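Enquirer: Next up is a structure, given as structure tokens.
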Amino acid sequence: MLSRLYSFKFIIGFALLWLGALAYGLAIYSTQVYRDQAIESQIISIQSLLEHESREAIQRLYDDQKEFALKLQSEALFLKALEQRDVVMMEVSLQETINRRQASAGLLNLKSIIVRDLSGDIFAQSSDDGLNGYAGCPTVLETVVGSLIRLSKPKYSLCNFDDQLFSEVLVPVGAPEPKAYLHIVAYAIDGLKSVERNTGVPLKIIHGTGDSLYQSDNWVNFDAGTHLYPSYKLYADDAFLGATISASIDQEPIIDRLRKTETSFFIITTIATVSALVLVLILLNRAFMPMNKLRNSVGALLTGKYGSISEEKLPSELKDLVVAYNEMVEGLEMETISRRQIEEKLRSEKDFISTTLDSITNPVIVIDSKDRIKLVNPSAEKLFGDREAELIDTSIHEILILYANRQTTRIVDLSQLLSRKLSISSMFFYDPDRNLVELEFSASPMIDMEAEDVGFVIILKDVSEDRKLRRKLNYEGSHDQLTGFLNRNAFEQKFEGLVTEDSNTTVQHVFAYLDVDQFRVVNETCGSAAGDLLLKQISTMIKKHVRKSDIVARLSGDEFGIIMPFFEMERALQTIQKVIIEIQHSGFIWNDQEYQVTASIGVMAFGRMTDEYAEFYSKVTTACFLAKQNGGNQYHFIDENDEKVMAQQVSMEWVTGIMEGFSEDRFCLYVQPIVSIDKDEQHTHYEVLIRYRGADGTIISPNDFLPPAERYNLIERIDSWVVGSVIEWLEQHQEKMREVMFSVNLSGRSIGSPTFHNFLHDSLASSNINKSSLCFEITETAVVDNVERSVEFINSIKQLGAKFSLDDFGTGLSSFSYLKQFPVDYLKIDGEFVRDILEDDKSFVFVRSMTEVGHALEMEVIAEFVESDTMFDKLREANVDYIQGYTVGKPVAIETLLENLDKPDTKKVGSL
């Protein structure tokens, strides 16, 4: 291949240059390897030296400690203290020995002398201040502590303590049987300093913890360019690193010698390489001079100039080659003339056919009567992955292998297709990249002048993208993009397909509705990306436990539906329990924060259609709600007659009723009087109550719709409607309502809502009514949840002139402890205590006590649920200020006040 692009002379010259460069590169590489090995050898030798000198230094230190211990045994004071077992005398002897040793110069830096009995226990000890409490190295003591064999020879050990390295020697005292043991502890680093003196190199000793223990004055900090830093790691007998002993070696002298060697080597290599290349080039130029003529002639031949070469003055070795060349040129010239004439004629015909075929975007194949390919267009070349020249005369059956199905299990017979005995709308084909392509096939026969079939024109149309797009649209229309599960519409269709109208059918399917308990917390705290990831993880867990035949869908944000066709309920509940357990145990981690995640599931069986899908779906979602209401992380199985579900559905139906109440003005206000027991007040006090007017005009008690309103977060809106309606009614009847006070109940949710706080404050501030005609009733259970915020809310509203009443007082255990913190005007005793006041003396005492507490805090006290004159007299005895109940008046529509205000009350109580 290279000979076609470059001359033989060039190739040889280039090869020689390459070999020269390679030789030069090898020389550079060799010098670098030599340098690295020299430096590495230097490091290894110094490391070996450090290791040898360090071991020698430690051994000398051991010997000094042993010698010191033997000398100490000969001292009279020591022997006397040992003989008499006098601890004080022994410690004085040891301390004097340490003081003498510290005053003398030497490598042995004593830190502690310990005298041990034969069992290894400490008899006496004298230590440096830094080693007080140090009992010695375990590896030293293990030979004597608890051992029946007496130590006859010294025991040596290196140990770490308090980021220091200590040399310890345990020497028996007395012979032949030891009487005690001398335990000598010395600072090992002072002994290692002798390595610097013996080697003559700067040292740095670092403890295993990284603390520097010693550094030479002439130590050079890390400089990889000029110095080497070989080191030796000295391990203590407790298997922990005791010290790293490093040396600082100036490598400039070594490097200078290496540079000189490299320079000499490069000079010699360069001279030798250049000389060899010059000599070879000169020889090649002389050898190839005769070939230049032949090359020039060949160059002319390529341009269409057919000229022969003269054989004169040619070297003998080239004459035969030139003769053969001249004969070739002559024959080539004759053949070229003939071929040009034929090619010109065929070119015009082929150009027309090629232009026609190239303009067709679909693959076109022309075959003869023997099914051999004769012509293909560029689209067909692309489809088969081969050029036309490679396809010509190839059997169509070898190239075009079509399958009747996407699984490619059945091959189509092309012969039947061509004879039209087989009709298939679309077929499948593997392209050169092994991608499955969907094709439409059509073939037209070619007829010659004698009406004979001479072949076929086959046209293929790639419909893969069209079909893929159609399938994609169908899939996206029926599946959830995030989880890959069915969507709500497709799920409902699957449900309808499983339900039968035949009452004789006994099949059973299971419907499960799953709701993620903590999804909102994750989604709002971590963001939608975390929420999507959590849903994907849960979908994976569901898919793990359900059967392949089960139908799973994502019905909405964090809600999934599962249909288990033809499944026993017991086994279905086992599967559902596995899903619940895995979700609980898996949890969810986002940004290194773990969130507890659980699921609640409602379960119901179905077989034949007894409910519409919407009603059935409502029941199973209600079951899920009951599971969540019971604490979540569980399932709730129901049947069609489940009373809890029916009650819950009624509660859920009230959500719609409440919304209709707002839109269709079905809420109305009622009032019940609150009157004074002894005072003949002109001021009239009413508690405002809310009622719901049904579609048939029936008045419905708030006990039916307020609990659902609390549950489904609609109570704050109802409170806002009541407050707004009362203020509007007072504005319309200011003259007649000037001496009337209305008590309006506020829910706990409204008390804790900043939005409601702003609404109430703005409503009162913008109204021109007498603010003191409004009193807001709050329960103690609502305000004790956040005392500080509740007090702030009460004060801000009272500054506008309104009043407050503490309702249901006495029901909470913290009533009296919190009461003095609330700036309320009225104290309303819970009716449970008032109702039993006649039969239960304790209730009477409790009512009287709460009344006294209220009066002490300058609050007026109201008793509710007063239903008889006897209760009325009993409450007067308890000094209650106001009463409320059926004995005073039943709730009436607020509109009736306009008629009753002028009527006198027949009871001997305050005016109505």
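Position one of the sequence shown corresponds to residue 4 (our numbering), numbered consecutively onward.
Cβ atoms here follow ideal geometry from the backbone N, Cα and C, with glycine treated the same way.
Computed from a predicted structure; not experimentally measured.
When burial is assigned at 16 or more other CB atoms within 10 Å of the CB, is TRP657 buried or exposed?
Expert: The residue in question, TRP657, is buried, as its Cβ has 16 or more Cβ neighbours within 10 Å.
Enquirer: Round the Cβ separation of TYR235 and GLN50 to the nearest angstrom and send it over; I've been treating them as touching at under 8 Å.
Expert: At roughly 6 Å, the Cβ-Cβ gap stays under 8 Å, so TYR235 and GLN50 are in contact.
Enquirer: Quick check on DSSP: helix, strand or coil for TYR889?
Expert: If DSSP states are grouped into helix, strand and coil, TYR889 belongs with coil.
Enquirer: Where do the N-terminal and C-terminal ends of the alpha helix (DSSP H) with ILE730 fall, by residue?
Expert: Element bounds for ILE730: 718-735.
Enquirer: Indicate the three-state DSSP secondary structure (helix, strand or coil) for LYS911 in the structure shown.
Expert: Bear in mind that a pLDDT of 35 at LYS911, under 50, signals an unreliable position, so the model cannot answer this.
Enquirer: I need the straight-line Cα distance from LEU394 to ASN594, nearest angstrom please.
Expert: Cα to Cα, LEU394 sits roughly 59 Å from ASN594.
Enquirer: Determine which residues share a DSSP beta bridge with PRO676 and list them.
Expert: According to DSSP, PRO676 bridges with TYR689.
Enquirer: Closest by CA to SER215, which one among MET449, SER249, LEU113?
Expert: Comparing Cα positions, the closest option is SER249.
Enquirer: Quick one: give me the first and last residue of the alpha helix (DSSP H) that LEU417 is part of.
Expert: Run containing LEU417: 417-421, per the alpha helix (DSSP H) assignment.
Enquirer: Counting along the chain, where does the beta strand (DSSP E) carrying PHE812 start and finish?
Expert: Note, PHE812: beta strand (DSSP E), 806-812.
Enquirer: Taking the alpha-carbon positions, what's the ILE897 to TYR673 distance?
Expert: Cα-Cα distance, rounded: 5 Å.
Enquirer: For the stretch 432-441 and the stretch 466-486, state whether three or more C-beta atom pairs, one from each stretch, are separated by less than 8 Å.
Expert: Result yes; three or more Cβ-Cβ pairs closer than 8 Å.
Enquirer: Might you give, ordered along the chain, the residues of its own chain that have their beta carbon closer than 6 Å to the beta carbon of ALA866, omitting 5 neighbours on each side?
Expert: Within the same chain, ALA866 has close Cβ partners ILE832, VAL837, LEU878, VAL883, ILE886.
Enquirer: Hey, is the stretch 186-197 in contact with the stretch 109-122, meaning 3+ C-beta pairs nearer than 8 Å?
Expert: Touching, yes.
Enquirer: So, using beta-carbon positions, are LEU237 and LEU195 closer together than 9 Å?
Expert: Their beta carbons are under 9 Å apart, which means LEU237 touches LEU195 by this criterion.
Enquirer: Count the other C-beta atoms from every protein chain shown that fall within 10 angstroms of the C-beta of TYR889, then say buried if there are 16 or more, exposed otherwise.
Expert: Looking at its Cβ environment, which holds fewer than 16 other Cβ atoms inside 10 Å, TYR889 is exposed.
Enquirer: With DSSP run on the structure shown, which of helix, strand or coil describes VAL174?
Expert: Reduced to three states, the DSSP call for VAL174 is strand.
Enquirer: Does the distance from the CB of VAL555 to the CB of LYS546 come in under 9 Å?
Expert: Yes, the pair counts as a contact, with Cβ atoms nearer than the cut-off.
Enquirer: Which residue wins for smallest C-alpha separation from GLN599, given the options ASP872, TYR433, ASP193, VAL524?
Expert: Cα-wise, what sits closest to GLN599 is VAL524.
Enquirer: Excluding the five sequence neighbours on either side, which residues of its own chain have a C-beta within less than 6 Å of the C-beta of SER160, listed in chain order?
Expert: The answer, listed in chain order, is CYS140, THR142, VAL143, GLU171, ASP240.
Enquirer: Which one of ASN102, ARG103, GLU94 has the shortest CA to CA distance from ILE117?
Expert: Measuring from the Cα of ILE117, the nearest candidate turns out to be GLU94.
Enquirer: Look at the alpha carbon of MET337 and the alpha carbon of GLN344, and state the distance between them as a whole number of angstroms.
Expert: Cα to Cα, the separation comes out at about 12 Å.
Enquirer: Output the boundary residues of the alpha helix (DSSP H) element that contains SER542.
Expert: Note, SER542: alpha helix (DSSP H), 531-548.
Enquirer: Taking the alpha carbon of ARG104 as the reference point, which residue from GLN68, ALA138, ALA532, ASN636 has its own alpha carbon closest?
Expert: Checked all of GLN68, ALA138, ALA532, ASN636; the closest Cα to ARG104 is GLN68.
Enquirer: Have a look at LEU261 and ARG38 and give me their C-alpha separation to the nearest angstrom.
Expert: Their backbone Cα atoms lie some 7 Å apart in a straight line.
Enquirer: Buried or exposed: MET607, going by 16 or more other Cβ atoms within 10 Å of its Cβ?
Expert: When all chains shown are included, MET607 counts as buried.
Enquirer: Please work out which residues of its chain come closer than 7 Å, Cβ to Cβ, to ALA768, disregarding the five sequence neighbours upstream and downstream, and give them in chain order.
Expert: Excluding residues within five positions, the ones whose Cβ falls inside 7 Å are LEU803.
Enquirer: Short of 6 Å in beta carbon distance, which residues of its chain neighbour SER756, apart from the five on each side in sequence? Order them along the chain.
Expert: Excluding positions up to five away in sequence, the list reads GLU719.
Enquirer: By the three-class DSSP mapping on this structure, what secondary structure does PRO179 have?
Expert: Coil.
Enquirer: How many angstroms separate the CA atom of PRO676 from the CA atom of VAL864?
Expert: If I take the Cα positions, the gap works out to 15 Å.
Enquirer: Does the beta-carbon of ILE586 have 16 or more other beta-carbons within 10 angstroms, so that it is buried, or is it exposed?
Expert: Buried, because 16 or more other Cβ atoms sit within 10 Å of the Cβ of ILE586.
Enquirer: What's the C-alpha gap between SER852 and ALA805?
Expert: Roughly 27 Å separates the two Cα atoms.
Enquirer: Pair every Cβ in the stretch 733-745 with every Cβ in the stretch 696-713, then say whether three or more of these pairs are closer than 8 Å.
Expert: Counting Cβ pairs under 8 Å, fewer than three are found: no touch.
Enquirer: ILE754 to PHE708, Cα distance in whole Å?
Expert: So the alpha carbons of these two residues sit roughly 20 Å apart.
Enquirer: Would you kindly work out how many angstroms separate the C-alpha atoms of SER666 and ALA712, rounded to a whole number?
Expert: Cα to Cα, SER666 sits roughly 16 Å from ALA712.
Enquirer: Do you know whose CA, among LYS539, SER559, GLU527, lies nearest TYR516's CA?
Expert: Closest by alpha carbon: SER559.
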